[in-house]
Ligand SMILES: [Zn+2]
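Numbering (our numbering), first residue to last: 932 to 1161.
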């Protein structure tokens, strides 16, 4: 595809700090949630954009399911289509999300499924000597713009394509929060920085307290074609 058309497509998609799609390593191979994160993970996940059937099939191979919810529109500003709830495997394999089963786009669900199984779980075992029981989040869908007000470009939250992660609860009873533990020197801070770094290899946009004060208490993890890691 010639460069001018790529540039036009990037503008149409409206993402921040975008790279041309070709530079993202777009990869037609399926996503395997049970495989470790590698250099092809993000490129493969781009297949999930607008491909809900494939996305559901990938989740099913990992023991997960995706239950569709009704499309949602708030004016012309916030539009969610093809979203659903990520339903955990039985018996449970991964840390559960809390609040449970937020409405999310399927490509976000697939990215979260990979991240929690291939990053959060192994990092906690290695650095904290425990399993993660629960991932606390601040929400997925919110009808708002980037930086909050409903002006300018809608946030990925307005499409249910981003989740804000506040912290983690371990099976040994410990609780780790982005707000209190990010700046420490101990294993908790090392864990948070590891899962942030891994998220950058899975999600299109990953923002942490290193990005700005608005992210001091959470990790913003956004599926799709963006290209920003901080
Ligand atoms: Zn966010």
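Glycine included, every Cβ here is placed at the ideal spot set by N, Cα and C.
For the pair residue 1147 and residue 1139, the Cα-to-Cα distance works out to about 7 Å. Set against 6 Å, the gap from the CB of residue 1095 to the closest heavy atom of ligand 1 is smaller.
For residue 1059, the enclosing alpha helix (DSSP H) begins and ends at 1052-1059. Residue environment analysis places residue 1014 among the buried positions, since at least 16 neighbouring C-beta atoms fall within 10 angstroms of its C-beta. The stretch 1052-1059 and the stretch 1119-1129 touch, with no fewer than 3 CB-CB distances between them shorter than 8 Å.
Look at the beta carbons and you see the stretch 1102-1121 not touching the stretch 1039-1052: under three pairs across the two are nearer than 8 Å. The closest CA to that of residue 1131, considering only 1040, 1068, 961, 968, is found on 968. If the five residues before and after residue 1097 are omitted, its C-beta is found closer than 8 Å to the C-beta atoms of 1067, 1068, 1069, 1108, 1109, 1110, 1148, 1149, all from its own chain and listed in chain order. The shortest C-alpha to C-alpha distance from residue 1093 to any of 1054, 1041, 1129 is the one to 1041. When DSSP states are grouped into helix, strand and coil, residue 975 belongs to the helix group. The continuous alpha helix (DSSP H) containing residue 1038 extends over residues 1037-1046. In this model, residue 1086 and residue 1016 are separated by some 20 Å (Cα to Cα). A direct Cα-Cα distance of roughly 11 Å separates residue 997 from residue 985.
Straight-line measurement puts the Cα of residue 1006 at about 31 Å from the Cα of residue 1142. No heavy atom of ligand 1 is found nearer than 6 Å to the CB of residue 1068.
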